[in-house]
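What follows is a set of notes on a single structure, which appears directly below.
So this is what it looks like as structure tokens:
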């Protein structure tokens, strides 16, 4: 559902406490704020990382908790579910684009996912975080190559998405900005200020905001930096209160919006002026006039990988034994590169 892009667009960035470990209540709260943003004139609303059913902050502070882990899986959101359909219908009813960060349940395997829902309710994209960070790997699996395709054309421009520390990965960032992202949804968990101790500054409120600002500079895109927040009611299940740091960042890296308090729930609104992005790009376009593809380039594999692939039956029913060329073709299709030299015993690939 696209049309000529406007010059100015109003956007909404959430700073909300999740309805912890409660899928039904999470969907209700999501729809409540989708409606509120639309009524305020926003054409896009962006939610934080794993907003549904809340980021599992306990993984950083507790040993394995079978009860919480099981409850978390049961309350995570499936992409083809009545709950997701409710959110899609809400987006369509309110004529607003939604970027939703959620814990995706795929047959009880979990992924840190971001869905981009168009203003007619269509899911334009569902991507998974390519590599969960540190303790996140105790709960979440990896995304596949199809999650590299993370920028989509919409009525307000090209919208992209990455989650949390994906903003530290130079190749992933370059691939994202090479897709000509104009509005980037940067999804984060609750993040608190650095206390001056041995904890990583790069994991703090200040460090995470800096990563989003650097991405804005590198991409010349507007960045919607969305975090969740923990109030007193969430402390027992999750961590200390606070963590809110949502912001809208301009294409030159400056923060455009006024901050909410770290423990305050609300929506940060801002009007994006795309002329500012054009001006920034006239100085710096690392995938355009400021690039050197004759010297440096990036190779990617954007195919989703399946856990079971029948190399010989695919496309040729009944064929079990392939000749050498058939084997070669199947392996080439699977690996994405020629292997004739290896099949023939040569050393050249």
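In my numbering, the protein residues as written are 1074 to 1422. No residue lacks a Cβ here, since even glycine has one placed at the ideal position from N, Cα and C.
Where the beta strand (DSSP E) containing residue i begins and where it ends
i	result
residue 1206	Taken as a continuous stretch (DSSP letters only), residue 1206 belongs to no beta strand (DSSP E), as it is neither H nor E.
residue 1128	Element bounds for residue 1128: n/a, residue is neither H nor E.
residue 1146	Counting along the chain, residue 1146 falls outside any beta strand (DSSP E), though it belongs to the alpha helix (DSSP H) covering 1139 to 1147.
residue 1343	1339 to 1346
residue 1427	The chain is shown only over 1074 to 1422; residue 1427 falls outside these bounds and no answer can be derived.
residue 1256	1256 to 1260
residue 1320	1320 to 1322
residue 1336	Residue 1336 -> no beta strand (DSSP E), and no H or E assigned at all.
residue 1297	1295 to 1301
Counted within 10 angstroms of its Cβ, other Cβ atoms place residue i as buried (16 or more) or exposed
i	result
residue 1366	exposed
residue 1175	buried
residue 1272	exposed
residue 1240	buried
residue 1202	buried
residue 1200	buried
residue 1362	exposed
residue 1212	buried
residue 1288	buried
residue 1246	buried
residue 1351	exposed
residue 1384	exposed
residue 1266	exposed
residue 1270	exposed
residue 1370	exposed
residue 1155	exposed
First and last residue of the uninterrupted alpha helix (DSSP H) at residue i
i	result
residue 1280	1278 to 1292
residue 1166	1155 to 1167
residue 1248	1243 to 1251
Coil, strand or helix - residue i by DSSP
i	result
residue 1100	helix
residue 1080	coil
residue 1327	coil
residue 1354	helix
residue 1225	strand
residue 1177	strand
residue 1393	Low confidence applies to residue 1393: its pLDDT is 47, below 50, so where it sits in the model is not reliable, and the reading given next is rough at best. If DSSP states are grouped into helix, strand and coil, residue 1393 belongs with coil.
residue 1236	strand
residue 1197	strand
residue 1466	Any property of residue 1466 remains undetermined from this structure, which presents the chain solely from 1074 to 1422.
residue 1113	coil
residue 1361	coil
residue 1152	coil
residue 1418	Reliability fails at residue 1418, whose pLDDT of 42 lies under 50, so the model's placement of it is uncertain and no value is given.
residue 1123	coil
residue 1218	helix
Identity of the residue in the options nearest residue i by Cα
i	options	result
residue 1123	1197, 1112, 1136, 1145	1145
residue 1341	1300, 1353, 1358	1300
residue 1433	1353, 1337, 1346, 1344	Past the boundaries of the shown model lies residue 1433; the chain is included only from 1074 to 1422, so the question cannot be answered.
residue 1104	1171, 1088, 1382, 1129	1171
residue 1191	1207, 1139, 1233	1233
residue 1110	1242, 1082, 1096, 1386	1082
residue 1167	1179, 1182, 1193	1193
residue 1096	1157, 1225, 1350, 1206	1157
residue 1217	1118, 1333, 1378, 1182	1378
residue 1348	1285, 1153, 1295	1295
residue 1125	1382, 1292, 1101	1101
residue 1198	1207, 1215, 1161, 1328	1161
residue 1253	1360, 1338, 1381, 1375	1360
residue 1276	1244, 1247, 1238, 1245	1238
residue 1223	1204, 1229, 1188	1188
residue 1255	1317, 1274, 1345, 1179	1345
residue 1143	1374, 1183, 1266	1183
residue 1148	1099, 1087, 1119, 1133	1099
residue 1208	1137, 1364, 1368	1137
Cβ separation of residue i and residue j, assumed to be a contact under 8 Å, to the nearest whole Å
i	j	result
residue 1079	residue 1127	Actually they do not touch by this definition, with Cβ atoms about 34 Å apart.
residue 1251	residue 1235	Not quite, the Cβ-Cβ distance comes to about 13 Å (not below 8 Å), so this is no contact.
residue 1298	residue 1320	5 Å
residue 1113	residue 1085	7 Å
residue 1335	residue 1380	With 8 Å as the limit, residue 1335 and residue 1380 do not qualify as a contact, their Cβ atoms being about 41 Å apart.
residue 1117	residue 1229	6 Å
residue 1293	residue 1357	6 Å
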